[in-house]
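Since the structure comes first, as structure tokens, the remarks are kept for the end.
Chains as they are written, first to last, in our numbering: chain A, 1184 to 1409; chain B, 1184 to 1409.
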């Protein structure tokens, strides 16, 4: 049985290489468009150092696969996430590095299957969010808050922000479409949150519901619109 | 443990009553806008009479709940849908009445969990679609084809088609949005297939991925755009 996280990692890689293939060559247009990558974030967990210790009995996560942004990675470790009434997701991937607060990011479909109703939030904004129970091989953590649906967002560096004429915290639109038979799922996502930081590559993060709704796997055109 | 189909039926009803509440009163505008209902179709199965007999050992489905369109209903009966490598969805609702061909409609998220890669198709267009196994209390049916992701579509009668200036098989856009904090998920779905028939009420059908991507549950505005 192929793990869903693995499937989604594969999908994500297909999408990446697809868009990389369709991205304009450097200097094709004046000014040249930045390479736009759209990634699907399958459900995942960010942990504090203290929670890594409790759940896995060790000091560090084990790097399995680098993510597109430098320094970020999918860990070998996974957790069981348990909701109310003992419904659970058995294998939720942990992303590193560790953070100051533990956070669980679910698509709404995941949350429904778990019996949790999380708000749509920017990463890190966890006040008044629901909790859950995390079960690892060495211990259990009861979170009183930290479960969110991550708000659709785009990471970019200052040069990309200048190219699009946007600033940190602005909102943009992302249109996903395809040629031919696959275009039945063309979709424009509004209110894509702009997050500008030094040293960050241009990358949109959607969740699995959004990626599936737009059939990103078969799309061949993505446009970021101010 | 609350069955997912029940949860989704509840969500659908909330959405319906919400939009009914926000619909303009009759003759509020010249010409008055038709009442627009957006329904989420959770994964479901349509069966032939012969398959009802094999799977349940009886001649007729049992009506559980009427759907919005007159004459259509959710049945008491559910099936297990089994994909390759024995992955399965244990409880998939059957919708009535019966049809000439058996058809399984899944969102992509469902299909990924089942290990099937269905194409996006108009209902009834089943050539070259994947099959699956249906398991009922009295028998088993092996489908060689019939699994699709239903293409997003809008049902309407001739008067509504005249109001919007569209014809059968045209394509429209559906914009879903909300006020305040819930607007982070505003989404425009393109290529919504128009299906015009006599005696049909105006109703958009999305699947769970689309409804969840746009957070339809918290939306308070839906617009059908030519």
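Virtual Cβ for every residue (Gly too), placed ideally from N, Cα, C. These figures come from a predicted structure and were not determined experimentally.
- In the displayed model, residue 1297 of chain B falls within a helix according to three-state DSSP.
- 1366, 1367, 1368, 1369, 1370, 1371, 1372, 1373 and 1374: these are the residues of the region 1344-1377 of chain B whose beta carbon lies less than 7 Å from some beta carbon of chain A, given in chain order.
- In the DSSP assignment, the residues bridged to residue 1338 of chain B are B:1378 and B:1386.
- Apart from the 5 residues on each side of it in sequence, residue 1334 of chain B sits with its Cβ closer than 7 Å to the Cβ of 1303, 1304, 1305 and 1376 in its chain, given in chain order.
- The Cβ neighbour count for residue 1372 of chain A, taken over all protein chains shown within 10 Å, is at least 16; the residue is labelled buried.
- Proximity to residue 1286 of chain B across B:1244, B:1234 and B:1256 peaks at B:1234, based on C-alpha coordinates.
- For residue 1288 of chain A, not one C-beta of chain B is nearer than 9 Å to its own C-beta.
- In summary, the residues of the region 1393-1409 of chain B whose CB is separated from some CB of chain A by less than 9 Å are 1393, 1394, 1395, 1396, 1397, 1398, 1400 and 1401, in the order they occur in the chain.
- Between the C-alpha atoms of residue 1362 of chain B and residue 1397 of chain B there is a straight-line separation of about 13 Å.
- Closest by C-alpha distance to residue 1320 of chain A, out of A:1264, A:1381, A:1389 and A:1247, is A:1264.
- The straight-line gap separating the alpha-carbon atoms of residue 1378 of chain B and residue 1274 of chain B is approximately 29 Å.
- For residue 1292 of chain A, the neighbours in chain B by C-beta distance under 9 Å run, in chain order, 1290, 1292, 1293, 1391, 1392 and 1395.
- Secondary structure at residue 1267 of chain B: helix, using DSSP grouped into helix, strand and coil.
- For residue 1349 of chain A, there is no enclosing alpha helix (DSSP H), as DSSP gives it neither H nor E.
- Chain-ordered listing is empty here: chain B has no CB closer than 7 Å to the CB of residue 1221 of chain A, the nearest sitting near 14 Å.
- Pairing residue 1327 of chain B with residue 1225 of chain B gives a Cβ-Cβ distance that is not under 9 Å.
- Taking CB atoms only, residue 1323 of chain A has no neighbour in chain B less than 9 Å away.
- Separation of the CB atoms of residue 1318 of chain B and residue 1262 of chain B is rounded to 6 Å, and the pair is thereby assigned contact status at 8 Å.
- For residue 1313 of chain B, the closest alpha carbon among the candidates B:1240, B:1340, B:1266 and B:1382 is that of B:1266.
- Taking the beta carbon of residue 1303 of chain B as reference, the chain A residues within 7 Å of it are 1367, 1368 and 1398, listed in sequence order.
- In the three-state reduction of the DSSP assignment, residue 1255 of chain B falls in the coil class, being assigned neither a helical nor a strand state.
- Counting only residues of its own chain and dropping the five nearest sequence neighbours on each side, residue 1260 of chain A has a CB closer than 7 Å to the CB of 1239, 1244, 1245 and 1277.
- The straight-line gap separating the alpha-carbon atoms of residue 1354 of chain B and residue 1408 of chain B is approximately 9 Å.
- Residue-level contact check: residue 1335 of chain A touches chain B, since one or more beta carbons of chain B fall below 9 Å from its beta carbon.
- Partner residues in the beta bridge of residue 1248 of chain B, as assigned by DSSP, are B:1257.
- Scanning its chain for C-beta atoms nearer than 6 Å, with the 5 sequence neighbours on each side dropped, one finds around residue 1271 of chain A the residues 1263 and 1265, in chain order.
- Here the alpha carbons of residue 1404 of chain A and residue 1292 of chain A stand approximately 25 Å from one another.
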